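Numbered as in my numbering, the sequence shown ends at 137 without a single skipped number.
Every residue, glycine too, gets a C-beta built ideally from N, C-alpha and C.
From a predicted model like this one, the values you see are computed outputs, not experimental measurements.
This report concerns only the one structure given below.
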Amino acid sequence: MTLLLTAFTGCSGDVASNVPSKDFAIRELPDDASDIHFALNPGIRNPNSYFEFTTSETAFLAWAAHQPNVERVDKPQFIIYRYSDYPGETDDRGSIVVDDGYLFEWYNPNDGDHGEHIAYDRSTGRAYYWSHIF
């Protein structure tokens with residue numbers, strides 16, 4: 004895998020695609036995590052953080068259960084926001100609609116614009132993470 008790292012001048016952000024799991028130091032991921040992308044504090048949406056990866060459903064659920072703060076939210080369909088400009092990637096959607104998956108969320112009780120969202124799309128085996136402070 005090739006590590007692509009881009010620092011946006013004036014945007015104070017770091018973005019990378021196809022990061023080997025051994026080089027991903029932001030948060031521990033499931034052992035089978037692959038195809039990892041991340042964006043930290045990208046552009047005007049600072050200080051947001053995004054990362055996504057491919058993993059098995061079983062590994063995702065075990066991983067999500069150990070994440071601080073978040074609780075499972077039962078929704079038949081939901082939207083998860085993602086970074087849309089990973090280097091070398093053709094998927095430029097800023098959000099993903101998940102029809103069959105899992106959603107875990109947390110909002111700061113003193114500030115509803117501060118939260119964490121973790122989602123899994125069962126049809127693609129893709130996990131998504133987004134944290135924000137507006």
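How close, in whole Å, do the beta carbons of isoleucine 39 and glutamine 70 come, if the pair is a contact with beta carbons under 8 Å? What you label residue 39 is simply residue 36 of the sequence shown in a count that begins at 1. What you label residue 70 is simply residue 67 of the sequence shown in a count that begins at 1. In fact, because the Cβ distance is near 16 Å, the residues do not count as touching under 8 Å.
Cutting at 8 Å between CB atoms, please list the residues of its own chain near alanine 62, excluding the five before and the five after it. Locating residue 62 in the sequence shown gives position 59, counting from the first residue. Contacts found: Pro33, Asp34, Asp35, Ala36.
Going by DSSP, what residue range makes up the alpha helix (DSSP H) through leucine 64? Counting from one through the sequence shown, the residue named residue 64 turns up at place 61. 60-68 is the span of the alpha helix (DSSP H), which, as asked, contains leucine 64.
Could you check where the beta strand (DSSP E) with serine 52 kicks off and where it finishes? Locating residue 52 in the sequence shown gives position 49, where the first residue counts as 1. Looking at the DSSP string, the run of the beta strand (DSSP E) that includes serine 52 is 52-57.
Cβ neighbour criterion (16 or more within 10 Å) applied to threonine 58: The residue labelled residue 58 in the question sits at position 55 within the sequence shown. Buried, since its Cβ has 16 or more Cβ neighbours within 10 Å.
Where leucine 32 falls: helix, strand or coil (DSSP): Mapped onto the sequence shown, residue 32 falls at position 29. The DSSP-derived three-state label of leucine 32 is coil.
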